[in-house]
Amino acid sequence: MNLLAVAWEYWHQSFFILFAACAIGFGFGVLLSKNVVRMAFYLVLSLGSTAGLFFLAGAEFVGAMQLMIYVGGTLVLLIFGVMLTAQKDFINMDTHTQDWILATIVGGSLLMVLLFAAFGAEDWSKPQDLTDAKIESTKEATPLGLALTGIRVDTLGDSGDAVKQGKSGYLMPFIIVSVHLLVVLIGAAYMARTKKLSRATDDKSSRAKLMLFKMEQETEQLEEETYVVTHRGQSALNRTDSQDE
Amino acid sequence: MILIGTVSVSWYLAVGASLFVLGAVCMATKRNLLGVLMGVELVLNGANMNFIAFGSKVLRPEGSLGLDGQLIALFVIVLAAAEAAVALAIALNFYNNHNTVDVDRANELNG
Amino acid sequence: MADFVDHILGLNDSWFGHIVAALVAAVLILHVVAVGALLFIWMERKISGRIQDRLGPTRVGGKYGWLQTLADGLKLIAKEDVTPDLADKFLFKIAPYVGLAASYAAFIALPFADGVVGQHVNTAVFFVLAVLGLEVFSVILAGYASGSKWSLFGAMREAAQVVSYEVPLGMCVVVPVMICGTMNLTTIANMQSGFFTNWLVFNDPFTFMTAIIYFTCATAGVNRAPFDLAEAESELVAGFHTEYSGLRWSLFFMAEYSSMFIVSALASILFFGGPHGPIPITEIVPFLSSGGLGDPAKQAFTESEGLLAGWDLGLIISRIIGVTNLLLKGLVGVTIMMWIRWSFPRLRIDQVMTMCLKYCVPLAAIGFLGATAWQALDLPTASSVIGTPRYKHHELWTADHNKDGSKEETISTPVLETPHEDDTHAEAKTVTENTVPVSVLRGGNQ
């Protein structure tokens with residue numbers, strides 16, 4: 185009870201710790217797991233917790249977008265790829281030991297630098313009094329949409345200089361991203377299409393011959409199998425008949 | 007409790023940095039092409055976390071990036087989707103041509 | 354809700370009140386999920402029976418067999434929970450819970466009436482869709498982890514289907530969001546209060562079309578027949594849940610039926626007025642309409658003295674009517690889905706994809722563009738043609754909206770103009786830009 189009371193008083197912090205632990209913990213799961221499908225599952229949980237952190241920081245719309253596009257779209261795509269290539273040999277792939285050592289050293293030092301930077305600036309590490317902080321239902325979707333069309337409603341209070349220095353909106357990036365998405369759509373569809381020709385058999389007649397040959401082989405095999413099955417079935421039937429008699 | 011009382015931008019940055027490093031190490035160590043892709047996603051999320059933290063009015067009442075942070079985060083999410091689509095197409099192409107998803111085997115251009 | 358608990362227990366904004374309130378809300382939603390699933394499964398059997406000219410369940414629980422599902426549930430609990438040898442044990446076990454959690458969590462942001470909602474989320478529409486979209490993971494995980502070919506095929510089909518149907522679904526949902534100018538489901542519902550002509554489905558022909566496309570895509574999105582390729586019995590045994598048995602199997606069905614209900618309820622909020630009925634009882638009767646908008650939680654407990662002092666009884670009753678109304682509308686939606694399931698043959702997988710990419714996406718795009726044009730040109734809506742009255746909710750909303758809109762307008766004008774006014778260079782530039790093409794044009798003409 186006492187613990188709960190304390191947790192309530194610091195609810196923002198408690199949820200932060202919960203979500204952060206989930207995000208980083210499942211991130212470790214992605215890193216350490218050898219099974220590629222499990223990695224995908226941990227990645228889903230990690231990114232979901234990240235969305236929780238976004239909600240916590242007051243970015244409701246981005247959090248919902250993270251859930252919808254990232255987790256619902258991108259990761260499904262990834263899992264698609266995993267399942268299309270999930271043959272026995274590729275599900276579990278070991279990492280070389282020297283890779284691990286090198287990556288740990290480089291990654292550890294990188295983490296040190298980043299953490300040092302994160303806690304270095306006094307302005308950033310200034311603690312906020314969040315005991316009474318409530319996530320107000322912020323009306324951010326409309327300003328966000330307007331900013332994408334080039335109108336910044338939120339920076340109007342700023343002085344004129346800020347508006348002039350390129351803070352007037354995101355219409356250009358928005359268009360670039362749209363065109364980019366279109367290009368990606370076409371490009372991905374082009375690259376991932378099934379190739380009908382195999383390089384070895386460019387000649388049409390030879391390909392047809394090859395197909396015919398394959399089909400003949402298959403039918404032969406099928407005939408053999410059916411023969412075996414019927415034969416066995418017949419003999420089994422005979423056997424049961426004789427037993428009955 | 008001392009630790010809990012002081013959630014600031016720095017802690018969000020720390021989480022972002024951890025995700026970034028985890029993703030980077032994941033990219034470096036995984037041999038599965040799709041594992042590398044997952045590392046990229048983690049890296050992008052780590053970066054996104056920073057944008058959200060700097061843009062949050064809850065964490066930084068004065069001097070926050072405001073909507074700019076959220077907008078950049080949105081762009082990152084959208085571009086990540088595009089990146090995943092292209093990378094997946096490359097991965098599938100690679101798999102079709104080489105029958106493997108081991109990135110160490112993609113060494114044809116290695117003179 | 355938290356205020357209510359605090360009021361009853363005599364606490365002052367304490368953690369205890371919030372936790373109790375959260376628990377009560379969670380349990381209530383759980384009842385919608387669980388009891389809903391019981392009811393829907395019974396309904397499905399009864400409806401399919403009647404459509405196929407048979408009786409359906411008749412034995413358990415009286416003449417109509419309404420306890421049949423409960424009996425089946427007991428049987429399923431008693432069954433052995435088999436895990437196949439080839440399965441990925443951990444993922445196999447966790448998959449049904451992922452699905453149920455996703456469809457359960459989507460209820461958090463779904464308003465059952467004005468103010469009756471688990472948590473006010475300002476981007477509720479996106480939240481519900483996003484969380485519902487996570488349900489596909491349970492299917493994929495189940496399909497992969499079962500270690501069976503049928504399951505894997507079912508899961509692949511489902512993944513392809515759900516990801517592609519999310520596109521037209523999202524486009525259809527954007528139409529009411531665009532008309533109402535908000536993503537808050539409560540506001541969208543309140544905007545349609547009054548007679549049924551105020552419903553967005555009758556707003557203009559394009560919204561009518563969009564509503565139908567939404568329902569089609571939603572049916573496909575929750576994997577109901579005729580789009581249930583993921584569990585096509587005739588070709589895939591049972592699809593992704595082939596290897597499941599007992600309670601885990603039934604969890605998949607609970608998830609399926611509750612997501613059926615949630616997409617129907619979302620349809621009714623977005624297009625069919627939500628808690629506001631065909632006939633506006635709550636608005637016509639003065640006693641009931643005394644509550645109205647504002648902060649709903651606080652209005653119910655004005656000037657608290659005794660346990661229930663200051664209750665706005667009219668507001669409470671109007672909310673109960675609203676909740677019943679929404680539940681009934683959701684039920685109608687679910688019934689239509691069942692009707693469709695037992696009337697139409699199943700599509701082939703390529704037909705499903707064709708339907709989505711070649712028909713639903715372009716139609717949704719046309720609907721979106723048409724509805725936008727209708728709003729932009731300020732063409733008449735059904736309610737303005739017939740002249741049905743709009744009630745308080747709508748007026749308040751319009752007033753609020755107009756106020757916001759005018760505010761934005763007055764502020765946004767200087768943004769667009771300041772660069773030109775302050776910066777002489779920019780001004781000169783625009784001037785030259787304006788003049789150059791004209792002279793070029795003239796030159797061309799000569």
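Chains as they are written, first to last, in my numbering: chain D, 185 to 429; chain B, 7 to 117; chain Z, 354 to 799.
A virtual CB, placed ideally from N, CA and C, is assigned to each residue, including glycine.
Bear in mind the structure is a predicted one, so any value in this text is a computation, not a measurement.
Interface annotation for the segment 91-108 of chain B against chain D: 91, 92, 94, 95, 96, 97, 98, 99, 101, 102, 106, 107, 108, criterion Cβ-Cβ distance under 8 Å.
Beta bridge pairing from DSSP links residue 469 (chain Z) with Z:466. Nearest CB-CB separation between residue 493 (chain Z) and chain D: below the 8 Å threshold.
Residue 292 (chain D) is classed as exposed because its beta carbon has fewer than 16 other beta carbons within 10 Å across all chains shown. Counting along the chain, residue 51 (chain B) sits inside the alpha helix (DSSP H) bounded by residues 39-61. Per the coordinates, the alpha-carbon of residue 529 (chain Z) lies some 46 Å from the alpha-carbon of residue 301 (chain D).
Going by DSSP, residue 103 (chain B) is part of the alpha helix (DSSP H) stretching over 73-104. Put simply, the CB of residue 34 (chain B) is near chain D, with a gap under 8 Å to one of its CB atoms. Residue range 488-498 is occupied by the alpha helix (DSSP H) that includes residue 488 (chain Z).
Not one beta carbon of chain D lies nearer than 8 Å to the beta carbon of residue 567 (chain Z).
Taking a cut-off of 8 Å on C-beta distances, the segment 446-459 of chain Z does not touch the segment 531-545 of chain Z, as fewer than three cross pairs fall below it.
Listed as beta-bridge partners of residue 219 (chain D) by DSSP are D:276.
Contact annotation: in the segment 453-466 of chain Z, no residue has its CB less than 8 Å from a CB in chain D. Residues of the same chain with a CB within less than 7 Å of the CB of residue 229 (chain D), apart from the 5 flanking positions on each side, are 206, 210 in chain order. DSSP places residue 108 (chain B) within a strand segment (E or B) once states are collapsed to three. Each of Z:713, Z:629, Z:393, Z:710 was checked against the Cα of residue 672 (chain Z), and the nearest Cα belongs to Z:629. Across the set B:25, B:31, B:74, the C-alpha of B:74 shows the shortest separation from the C-alpha of residue 357 (chain D). Comparing C-alpha distances from residue 80 (chain B) to each of B:95, B:96, B:56 shows the shortest one belongs to B:56.
From the beta-carbon of residue 375 (chain D), the residues of chain B found nearer than 7 Å are 95, 96, 99. Taking the beta carbon of residue 225 (chain D) as reference, no residue of chain B falls within 9 Å; the closest one sits roughly 11 Å away. For residue 244 (chain D), the three-state secondary structure derived from DSSP is helix. Membership of residue 557 (chain Z) in any alpha helix (DSSP H) is not indicated, and neither H nor E is assigned to it by DSSP.
Neighbours of residue 509 (chain Z) in chain D, taken as residues at a C-beta separation under 7 Å, are given in chain order as 267.
Note that the C-beta distance between residue 631 (chain Z) and residue 566 (chain Z) is not below 8 Å. Between residue 73 (chain B) and chain D, the shortest Cβ-Cβ separation is below 8 Å. For residue 400 (chain D), no CB of chain B lies under 8 Å from its own CB, so it is not counted at the interface with that chain. Put simply, the backbone Cα of residue 31 (chain B) is about 32 Å away from that of residue 195 (chain D). Following the DSSP letters along the chain, one finds residue 610 (chain Z) inside the alpha helix (DSSP H) bounded by residues 599-623.
Only residues of its own chain outside the window of five on either side were considered, and among them none has a CB closer than 6 Å to the CB of residue 64 (chain B). Excluding the 5 residues flanking it on each side, residue 45 (chain B) has same chain C-beta neighbours closer than 6 Å at 29, 32, 33, in chain order.
Any Cβ of chain Z closer than 8 Å to the Cβ of residue 358 (chain D) would place that residue at the interface, and such an atom is absent.
Taking the Cβ atoms as the reference, residue 203 (chain D) lies roughly 4 Å from residue 236 (chain D), within the contact range of under 8 Å.
Counting other Cβ atoms within 10 Å of its Cβ, residue 374 (chain D) stays below 16 and is therefore classed as exposed. In the three-state scheme derived from DSSP, where H, G and I count as helix and E and B as strand, residue 512 (chain Z) is classed as helix. The shortest C-alpha to C-alpha distance from residue 477 (chain Z) to any of Z:448, Z:433, Z:542 is the one to Z:542.
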